[in-house]
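Residue numbers (the numbering used here): 568 to 735.
Here's what the structure looks like:
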């Protein structure tokens, strides 16, 4: 059966996520306008930095719960990388759709809103749900694709039950 456009671009985002250099979670993002891919991004260390795959995860070493203390992470998020790549190449993403394998965090949400992307499509839920309120307040269309999962259920070895309750 032929996939819908949302399914098609989400599959591409899933392939992009495989390039991630993060030890905890692989996230991919694809920015699309008028059926054309404008930019892609995955989460990983900044340009020229050593990858967490090679030197380890600072967040794991410090026992930082998933979905918290983003400023401690050395990675640039997938959504941020996709927006940055568009900017580097002079590509306008105004009124575009961003396909994310995971619900954007609050930091990425603010970047998406300010970049004037009009629609967000995501597959997997994220511990911090406040981004959904921000998108609603900004008037963005948000679509949760069927078949995703709640990220907290995927990380039982890294986050205690108490931390899960605090994060969600």
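The C-beta atom is built at its ideal place from N, Cα and C for all residues, glycine as well. Small disclaimer: the values here were computed from a predicted structure and weren't measured.
- Of all alpha-carbon atoms in 668, 679, 616, the one lying nearest the alpha-carbon of residue 708 is that of 679.
- Sequence-distant partners of residue 618 (beyond 5 residues in either direction) whose C-beta falls short of 8 Å from its own C-beta, in its chain, are 588, 611, 612.
- Using a Cβ distance threshold of 9 Å, residue 598 and residue 649 count as a contacting pair.
- Each residue's CA atom was taken as its position, placing residue 681 and residue 674 some 11 Å apart.
- Excluding five sequence positions before and after residue 582, the CB atoms of its chain that fall closer than 8 Å to its own CB belong to 595, given in chain order.
- The shortest C-alpha to C-alpha distance from residue 704 to any of 656, 685, 622, 712 is the one to 685.
- Every alpha helix (DSSP H) of 4 residues or more that sits fully in the segment 612-663 is shown, in chain order, as 619-622, 625-628, 645-655.
- No Cβ-Cβ contact shorter than 9 Å links residue 698 with residue 660.
- Spanning the alpha carbons of residue 620 and residue 712 requires a straight line of approximately 29 Å.
- Judged by DSSP secondary structure, residue 682 falls outside any beta strand (DSSP E); it is assigned neither H nor E.
- Within the DSSP bridge table, the entry for residue 593 names no partner.
- Just so you know, the alpha carbons of residue 669 and residue 691 end up roughly 4 Å apart.
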